[in-house]
Amino acid sequence: MAQPAWQDPVPLSLDTAPVPEYGSGSLADLLPTLVAGQEVPGFTATIPELTPADRNCVFLIDGLGWEQIKAHLDEAPFLHSLLPTSRGGTGRPLTAGFPSTTATSLASVGTGLPPGEHGLPGYTARNPETGELMNQLRWKPWTAPKVWQPHPTVFQLADAAGVHTAQVSAPTFEQTPLTKVALSGGSFLGRLSGEDRMDVAAQRLAAGDRSLVYTYYSEVDGKGHRFGTDSDAWRGQLMYVDGLARRLAEQLPPRSALYITADHGMIDIPFDEQSRIDFDEDWELRAGVALLGGEGRARHVYAVPGAQADVLAVWREVLGEQFWVASRDEAIAAGWFGPTIDERVYGRIGDVVAAAHDDVIITASVNEPHESAMAGVHGSLTPVEQLVPLLEVRS
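Everything in the sequence shown is counted per our numbering, starting at 340 for the first residue and increasing by one.
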């Protein structure tokens, strides 16, 4: 039934927001489950559908969500054929975690912890110590990595327990702070081409009786951001990475399990005023806001002191039919960032957290010109962004 014109808008209930499956089926649960099966002390298998293997390889394809694979049989026949194997043969996806963005997800994968514990709760987040926005993907401004994320990685703990551990990725990632805090441990092998990464990953997998190997490819995400997932450029990358996955699967040594996953999915947003709400041009949304963090579909909003309640009320009134708009404590209580929040992480979360429900983003044309021009985006709790595959090949 249509809402009467005189009736005030009804904000989305926070109860309708899908919560990631922390503790049973999220990205943070993957490596702990794998190394528990390799008898690394201190870990429990929290994804019950997975069967242990002596040699585990994780191939993470940046930006290739569950919904994208399902919709592109022609471009990804190999990956599509593996959909029934996902999550231990249940044919179900994992959830990325919130926000569904690269820095957060890679930290969840590598540490085996949800965002509320590892402390990378978005693309950008406020550093409570300095009051500045911290870009957690590009690590700007510089922040001491081990202070920002002090927990050991699963790779470090597995390596210490005698598991042959390696990461195979682009050479430029070897010394980045994000790699150091999220993915370090064992050997890092930098290879430029995707084919070389697949070949080296298979070699390192065979190098130990117990092995844990991680490899990564980024350009599906890159082309999606620039051109959208409905572009020939994106489809070309999907075809390419489908071939890479097949290449790696065909080289698995005995007693191996290959898991193909992603850090998030992606959604294309039209370039019109209804779909792209410009914070920098909207006086109502800017009122009382000291800093705008996060990204277009998962915003951390930091209010000036004393204005938190007013900012929450305005954002909920203006955006509440299109976004789940929560206070910091409401988002935490709802479990968006995981079951627990470390004390050091609490102030990094926005006073207001806004997660997109509809096909819409909050841009910042002046302060975020590059991000505001992206065709494909992600970050929120919707299935197209949140659901990621866990495709499996065993030898």
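For each residue, glycine too, the CB sits at the ideal point set by N, CA and C. Being a predicted model, the structure only gives us computed values, none of them experimental.
- Task: Keeping to the same chain, check which residues put their C-beta closer than 6 Å to that of Leu-399; ignore five residues upstream and five downstream.
- Result: Tyr-555 and Thr-600
- Query: Which residues mark the beginning and the end of the alpha helix (DSSP H) in which Val-358 is found?
  - Reply: Looking at the DSSP string, Val-358 is not in any alpha helix (DSSP H), and its letter there is neither H nor E.
- Message: Once the 5 residues before and after Arg-543 are set aside, which same chain residues still bring their CB inside 8 Å of it?
- Response: Within the same chain, and ignoring the five residues on either side of Arg-543 in sequence, the residues whose Cβ sits closer than 8 Å to its Cβ are His-503, Ala-505, Val-507, Ser-526, Leu-528, Ser-550 and Val-552.
- Query: Would a C-beta distance cut-off of 7 Å place Pro-350 and Arg-655 closer than the cut-off?
  - Reply: yes
- Relative to the alpha-carbon of Arg-733, which residue among Glu-378, Gly-461, Pro-438 and Ala-541 has its alpha-carbon at the smallest distance? Ala-541
- Less than 8 Å between the CB atoms is what I'm expecting for Leu-730 and Thr-424, so what's the real figure, rounded? 6 Å
- Message: Could you check whether Gln-647 and Ala-435 sit closer than 7 Å to each other, using their CB atoms as the reference points?
- Response: no
- Spatial neighbours of Val-650 in its chain, beta-carbon cut-off 7 Å, leaving aside the 5 residues before and after: Gly-627, Val-628, Val-640, Ala-642, Asp-690 and Val-691
- Closest residue to Gly-461 among Phe-437, Gly-674 and Tyr-361 (Cα-Cα distance): Checked all of Phe-437, Gly-674 and Tyr-361; the closest Cα to Gly-461 is Phe-437.
- Message: Which residues does DSSP list as the beta-bridge partners of Glu-731?
- Response: Tyr-598
- If you drop the 5 nearest sequence neighbours on each side, which residues of the same chain put their C-beta closer than 6 Å to that of Ala-670? Val-692
- Task: Answer with buried or exposed for Lys-562, where buried requires no fewer than 16 other C-beta atoms within 10 angstroms of its C-beta.
- Result: buried
- Distance between Ser-532 and Phe-610 (C-alpha atoms, nearest Å): Taking the straight line from one Cα to the other gives about 33 Å.
- Task: Helix, strand or coil for Gly-495, going by three-state DSSP, please let me know.
- Result: Sequence inspection shows Gln at residue 495; the Gly mentioned does not correspond to that position. Correct three-state label for Gln-495: helix.
- Task: Kindly indicate which three-state DSSP category Thr-434 falls into: helix, strand or coil?
- Result: strand
- Query: Do Ser-439 and His-717 have their C-beta atoms closer together than 7 Å?
  - Reply: Yes, the pair counts as a contact, with Cβ atoms nearer than the cut-off.
- Message: Using CA atoms only, rank isn't needed, just tell me which of Val-559, Ser-570 and Ala-572 is closest to Leu-583.
- Response: Measuring from the Cα of Leu-583, the nearest candidate turns out to be Val-559.
- Give every residue of the same chain whose Cβ lies closer than 6 Å to the Cβ of Asn-395, excluding the five residues on either side of it in the sequence, and list them in chain order. Leu-373, Leu-551 and Ala-596
- Message: Measuring straight from C-alpha to C-alpha, what distance separates Arg-536 and Phe-662?
- Response: 39 Å
- So Ile-700 packs on Arg-615, CB below 8 Å; how close in whole Å? 6 Å
- Message: Can you tell me where the alpha helix (DSSP H) holding Thr-443 begins and where it ends?
- Response: Looking at the DSSP string, the run of the alpha helix (DSSP H) that includes Thr-443 is 441-450.
- Task: Would you be able to state if there are at least three C-beta pairs under 8 Å between the region 486-505 and the region 408-426?
- Result: no
- Query: To which residues does DSSP link Leu-631 through a beta bridge?
  - Reply: Val-640
- Decide yes or no for the touch test of the region 680-688 against the region 455-470: beta carbon pairs closer than 8 Å, at least 3 of them. yes
- Query: Which whole-angstrom value describes the C-beta separation of Ser-719 and Ala-665, a residue pair presumed to lie in contact below a C-beta threshold of 8 Å?
  - Reply: The pair is not a contact, with the Cβ atoms about 12 Å apart (cut-off 8 Å).
- Figure out for me which residue from Gly-381, Val-358, Glu-388 and Asp-401 has the closest Cα to the Cα of Asp-581. Of the candidates Gly-381, Val-358, Glu-388 and Asp-401, the one whose C-alpha sits nearest the C-alpha of Asp-581 is Asp-401.
- Message: Tell me which residues share the same chain as Gly-524 and place their Cβ nearer than 6 Å to its Cβ, disregarding the 5 neighbours each side in the sequence.
- Response: Thr-492, Phe-494, Gln-495, Asp-498 and Thr-504
- Query: Would a C-beta distance cut-off of 7 Å place Leu-452 and Thr-463 closer than the cut-off?
  - Reply: no
- Task: Determine the DSSP secondary structure at Gln-647, reduced to helix, strand or coil.
- Result: helix
- Nearest-angstrom Cα distance between Ala-652 and Thr-441? 30 Å
- Query: If we count the other Cβ atoms within 10 Å of its Cβ and call it buried at 16 or more, is Ala-588 buried or exposed?
  - Reply: buried
- Coarse secondary structure for Trp-663, derived from DSSP in three states: strand
- Pro-368 to Ile-688 span [Cα, whole Å]: Note on residue identity: the sequence assigns Asp, not Pro, to residue 368. Answer to the nearest angstrom: the Cα atoms are 22 Å apart.
- Task: Can you give me the Cβ contacts of Gly-659 inside the same chain, cut-off strictly under 7 Å, excluding the 5 residues immediately before and after it?
- Result: Here the set comprises Pro-348, Pro-350 and Leu-351.
- Taking only runs of the beta strand (DSSP E) that begin and end inside the region 354-428, which ones reach a length of at least 3 residues, in chain order? 394-400
- Task: State the beta-bridge partners of Phe-527 as determined by DSSP.
- Result: Gln-506
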